[in-house]
Amino acid sequence: GSAYSCGLGVSCWIQGKRPVDLCNGGVIWSCCVPRNAEPSKEGMVKDALCGRTYLRNSKVVGGENAKFGQQPWQAAVVKRSFLSQKISCGGALVHERWILTAAHCVDRTPASNLRVRLGEHSIRDTTERYPHEEYTVRRKIVNEGFDRRNFKNDIALLELSHPVVFREHIIPICLPSKGDNFTGGFATVSGWGRLKYGQSYIPNILQKVSVEVLENEKCKTWFKDKGRREQIYDTMLCAGYK
1 GSAYSCGLGV SCWIQGKRPV DLCNGGVIWS CCVPRNAEPS KEGMVKDALC
51 GRTYLRNSKV VGGENAKFGQ QPWQAAVVKR SFLSQKISCG GALVHERWIL
101 TAAHCVDRTP ASNLRVRLGE HSIRDTTERY PHEEYTVRRK IVNEGFDRRN
151 FKNDIALLEL SHPVVFREHI IPICLPSKGD NFTGGFATVS GWGRLKYGQS
201 YIPNILQKVS VEVLENEKCK TWFKDKGRRE QIYDTMLCAG YK
């Protein structure tokens, strides 16, 4: 509920404050927040249940804009340097201190150069109902069996430097049980990635689409029909449409 002004990041240190990236400008253009500022209680959810949304929104289908708070477990993995930052991958909040993401996104980047953004919706809009929150990464754990050549075991965990306060737009997702079979059901894909194969444009607003979970053999056949030789391993989940 507090309002702070955006300015040059270096000015925050001069004022005895700390820069927080709420202005989508990295360390150059930041929001100056008092060092002893109390965390906002706005939108806090007590005893939050995983996989549940706490903001009412209309249903969205087929690769369109998600509504604010509709994917509250969505994480944005941000790679930072001194003068720049960019959202490189998506992830999922699975615990107050843990993010599940893709190994190929973080295996070559030091944990100190990674940030996790939660509660983000539009990467260009700073007037949303609740602001996004950004966390530093304490450590990363990349699956020991990850192979960049074929993306086998492409999974990693990021441990956040401090626990997340669950809010209406920041809620963890539930993890499946061992042996669960989702073939024939529908899954939701979300993120800020490209909307079409080969497209250069990347949307500013979080996207979501519902896709069918396929048998791996069917997936292999579809790739083959398109002239693409893709390795689909038993540890992978294939979903989409032809």
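Residue 221 in full-length UniProt numbering sits at position 221 of the sequence shown, with consecutive numbering throughout.
Yeah, the Cβ is synthetic: ideal placement off N, Cα and C, and Gly gets one too.
Assuming V106 and A75 make a contact with CB atoms under 8 Å, what is their CB distance in whole Å? Reading the sequence shown from its first residue, position 106 is the one you call residue 106. Reading the sequence shown from its first residue, position 75 is the one you call residue 75. For a cut-off of 8 Å, the C-beta gap from V106 to A75 is around 12 Å, too long to register as a contact.
Compute the Euclidean distance between the alpha carbons of E96 and V116, then round it to the nearest angstrom. Taking the first residue of the sequence shown as position 1, residue 96 is located at position 96. Taking the first residue of the sequence shown as position 1, residue 116 is located at position 116. As the crow flies, the alpha-carbon of E96 is around 12 Å from that of V116.
Would you kindly work out how many angstroms separate the C-alpha atoms of V45 and F166, rounded to a whole number? Taking the first residue of the sequence shown as 1, we reach residue 45 at position 45. Taking the first residue of the sequence shown as 1, we reach residue 166 at position 166. Using only the alpha carbons, I get a separation of about 6 Å.
Proximal residues to S122 (C-beta, below 8 Å), its chain only, five neighbours per side dropped: As a working note, residue 122 is residue 122 in the sequence shown. Excluding sequence neighbours, S122 sits near E128, N204, I205 and L206.
Taking the continuous beta strand (DSSP E) assigned at C238, which residues delimit it? On the sequence shown, position 238 is the one that residue 238 refers to. Element bounds for C238: C238 to G240.
Check whether the stretch 85 to 104 touches the stretch 182 to 196, counting contact only when three or more Cβ pairs, one atom from each stretch, lie closer than 8 Å. Judged by Cβ distances under 8 Å, the stretch 85 to 104 makes contact with the stretch 182 to 196, as three or more pairs qualify.
Go to F186, then tell me how far its beta strand (DSSP E) extends in each direction, as first and last residue. The residue you call residue 186 lines up with position 186 of the sequence shown. F186 -> beta strand (DSSP E) spans F186 to G191.
Taking the alpha-carbon positions, what's the E133 to P72 distance? Along the sequence shown, read from residue 1 onward, the residue named residue 133 stands at position 133. Along the sequence shown, read from residue 1 onward, the residue named residue 72 stands at position 72. Each residue's CA atom was taken as its position, placing E133 and P72 some 12 Å apart.
Spatial neighbours of V94 within its chain, please: CB distance less than 7 Å, with the 5 preceding and 5 following residues excluded, ordered by chain position. Your numbering for residue 94 matches position 94 in the sequence shown. Exclusion of the five residues before and after V94 leaves L100, P172, I173 and L175 as the residues of its chain whose Cβ lies within less than 7 Å of its Cβ.
How far does the alpha helix (DSSP H) with V106 in it extend, from its first residue to its last? Sequence index remark: in the sequence shown, residue 106 carries index 106 (1-based). Its alpha helix (DSSP H) spans residues A103 to V106.
Same chain only: Cβ atoms within 7 Å of N150, ignoring 5 sequence neighbours per side: For the purposes of this step, residue 150 is taken as residue 150 along the sequence shown, with counting starting at 1. Excluding sequence neighbours, N150 sits near Q231.
At which residues does the alpha helix (DSSP H) containing C219 begin and terminate? Position 219 of the sequence shown, counted from the first residue, corresponds to residue 219. From DSSP, the alpha helix (DSSP H) with C219 extends over N216 to D225.
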